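Here's the structure, in structure tokens; my notes come after.
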Amino acid sequence: MPNSSHQGDPLDVGLPWVNRFATLGDDFYATLSPTPLPAPYWVGRSMSAAQAWGLDPQWLQADDALQVFTGNRPLAGGLSLASVYSGHQFGQWAGQLGDGRAILLGETPGWEVQLKGAGLTPFSRMGDGRAVLRSSIREFLGSEAMHGLGIPTSRALCVTGSDAPVRREEIETAAVVTRLAPSFIRFGHFEHFCHHGHHDQLKALADFVIDHHYPACRTDARWGGNPYVSLLAAVTERTAEMVAQWQAVGFCHGVMNTDNMSILGLTIDYGPFQFMDAYDPGHICNHSDHQGRYAFYKQPNVAYWNLFCLGQALMPLIAAQEDAIAALETYKDLYPRAFARRMAAKLGFADLQEAHRPLIEDILKLLAADKVDFTIFWRRLSHWARAQRADDDSVRDLFLDRAGFDAWLLSYSELLAQVPQGLAADLMLKINPRYVLRNHLGEEAIQAAKQKDFTVVAELLQVLERPFDEHPEHAAWADFPPDWASHIAISCSS
Ligand code: AMP
Ligand code: MG
């Protein structure tokens, strides 16, 4: 058994534990303990995540915490387990999956606490239950960067490392990410119980999610009063909102399998994700995705496809198929509206109007044609909007098609003239980040960390926590990526 002896007594972090997921019973999980790692060290810590969780940030400084969040010491009051789920991977039914390397330590009010990379579980299949340093740093910085951008996501409390070897394409070293979310339940959890015909468990799971996370579904008069259709509609709405935010910031998830889709509409399971540099709708960030199933522009449709899988899984609880379809079809309106609203705000318009739509479509075409750096464009446009000086060519200079851009800018200026000048720029500078976690920035942090220099992780975290601030001392991180950035290959191997 992967259960191994912990070093030391359970540690009390001074938080109340509720362990609600555990109340679902052992059809849903296996209880087990993390497997310790030798001589752990801190790689990164997020005081902001500690604060969100309610943990005294001082506590995160202690050696005890280092042991707990490496899986070397249990938490008093927690109940550690690995949950079972299934799912569709790259469009195919993949059968049983489950937490193969993530272990839930327990649950305090509002937060589940998971260690990712904490050793073998009954669901590890061919894997080793571990995560390597580079992917753990990416998940840590990626989640906190998304939170800084205001995009729904799991949080990352810390990363610890160990020199214990982990075999991937080459020998690397182990790391553990502590992540937090109100729930890590996935579409795949529902698919699992539906596929196996375990309808009692399916209902228990749906009731659990509704009672704890979507209580309004119980009293929703729409959908014939069926709370499970209401749940499907609510998840559809949150997912549409989340993906709209991804598209508006240029975030590519990379592995949108149904087992990586959160029932709460959170961005979870950071793997080969990427914040795009040059705007390219066809961009594929996962080098293992040979068909380009999860290319950037396909994300909204893939989310819809995944929601259908969830709908299918909920069918045993839904009498009227047409209601389920109607709930899913709300996506066709919700997603484009959420996206357009977001894009209008990026242009400085607090309220979306019909006249904004062609402006949005046209600028995306121009950006794609010239492969303009997505983040730099929006940030420069935000600064341009402040003064709107005719001799300010900082945005125009990003384009090869100057005539095309000039024509667009003329139409844009006319609409912008209807908004008080300062207001538009203020809005834009709060929605168009100066900093995103570009691949080459993550790579800088990883290379330093491999040499046991963790300062880049810490500094990058500080900047990404406040991505709309100027941080002049880190201006280089807001600049165009170096040439080598396009050669970074990020695959599913993590
Ligand atoms: P992912 O696509 O990375 O979310 O992983 C898909 C499935 O593979 C999940 O069930 C993971 O728990 C499992 N998995 C990935 N890597 C490992 C590993 N190194 N050891 C055990 N299970 C793993
Ligand atoms: Mg996963």
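With the numbering used here, letter number 166 in the sequence shown gets 168, and the count goes up by one each step, no holes. Backbone N, C-alpha and C fix where the C-beta goes; we use that ideal spot for every residue, glycine too. Here the structure is a predicted model, which is why all the values come from computation and not from measurement.
For residue i, which residues from the same chain have a beta carbon less than 7 Å from its beta carbon, with the 5 sequence-adjacent residues on both sides left out?
{"i": "Leu466", "result": "Leu143, Glu146, Ala147, Gly150, Tyr437, Leu439"}
{"i": "Cys311", "result": "His90, Phe189, Glu193, Thr260"}
{"i": "Pro12", "result": "Pro76, Leu77, Ala78"}
{"i": "Lys452", "result": "Leu135"}
How is residue i classed by DSSP in three states: helix, strand or coil?
{"i": "Ala491", "result": "coil"}
{"i": "Gln94", "result": "strand"}
{"i": "Phe277", "result": "strand"}
{"i": "Ile433", "result": "helix"}
{"i": "Leu77", "result": "strand"}
{"i": "Cys196", "result": "helix"}
{"i": "Thr457", "result": "helix"}
{"i": "Glu114", "result": "strand"}
{"i": "Met3", "result": "Caution is warranted here: a pLDDT of 36 is assigned to Met3, below 50, making its placement in the model unreliable, and no coordinate value can be reported."}
{"i": "Val374", "result": "coil"}
{"i": "Ser413", "result": "helix"}
{"i": "Ala206", "result": "helix"}
{"i": "Asp471", "result": "coil"}
So, is residue i buried or exposed, given that buried needs 16 or more other C-beta atoms within 10 angstroms?
{"i": "Trp225", "result": "buried"}
{"i": "Gln301", "result": "buried"}
{"i": "Trp486", "result": "exposed"}
{"i": "Lys348", "result": "buried"}
{"i": "Asp481", "result": "exposed"}
{"i": "Lys334", "result": "exposed"}
{"i": "Gln258", "result": "Note that residue 258 corresponds to Met in the displayed sequence, not to Gln. Met258 comes out buried."}
{"i": "Tyr337", "result": "buried"}
{"i": "Met430", "result": "buried"}
Work out the CA separation of residue j and residue i for me, nearest whole Å.
{"i": "Gln276", "j": "Cys160", "result": "20 Å"}
{"i": "Arg181", "j": "Tyr272", "result": "11 Å"}
{"i": "Ile153", "j": "Gly27", "result": "32 Å"}
{"i": "Leu233", "j": "Ile492", "result": "35 Å"}
{"i": "Asn21", "j": "Asp29", "result": "16 Å"}
{"i": "Trp386", "j": "Asn441", "result": "27 Å"}
{"i": "Gln249", "j": "Arg339", "result": "13 Å"}
{"i": "Gly313", "j": "Leu330", "result": "7 Å"}
{"i": "Gly227", "j": "Ala405", "result": "55 Å"}
{"i": "Tyr31", "j": "Ala357", "result": "52 Å"}
{"i": "Val231", "j": "Asn262", "result": "21 Å"}
{"i": "Gly46", "j": "Trp307", "result": "36 Å"}
{"i": "Ala158", "j": "Asp394", "result": "40 Å"}
{"i": "Gly100", "j": "Val70", "result": "23 Å"}
{"i": "Thr162", "j": "Pro435", "result": "28 Å"}
Kindly list the residues whose CB is nearer than 6 Å to the CB of residue i, restricted to its own chain and excluding five residues on each side of it in sequence; keep chain order.
{"i": "Ala96", "result": "Gly89"}
{"i": "Ala120", "result": "Pro36, Gly73, Ile105, Val178"}
{"i": "Arg169", "result": "none"}
{"i": "Pro283", "result": "Phe298, Tyr299, Ala370"}
Does the beta carbon of residue i fall short of 7 Å from some heavy atom of the ligand NAP?
{"i": "Asn228", "result": "What this structure holds is the ligand AMP and the ligand MG, not the ligand NAP."}
Discussion item. Closer than 8 Å is the cut-off here; do at least three beta carbon pairs connect the stretch 166-177 with the stretch 297-314?
Written reply: no
Discussion item. When you compare the stretch 400-418 with the stretch 325-332, are there three or more beta-carbon pairs, one atom per stretch, that lie closer than 8 Å?
Written reply: no
Item to complete: Tell me, please, whether the stretch 457-475 touches the stretch 237-250 by the rule of three or more beta-carbon pairs shorter than 8 Å.
Response: no
Worksheet item: On the three-pair Cβ rule with 8 Å, is the stretch 285-295 touching the stretch 80-89?
Response: no
Worksheet item: Are three or more beta carbon pairs between the stretch 370-382 and the stretch 393-402 nearer than 8 Å?
Response: yes
Worksheet item: If we count Cβ pairs, one from each stretch, closer than 8 Å, do we get three or more for the stretch 379-398 versus the stretch 443-450?
Response: no
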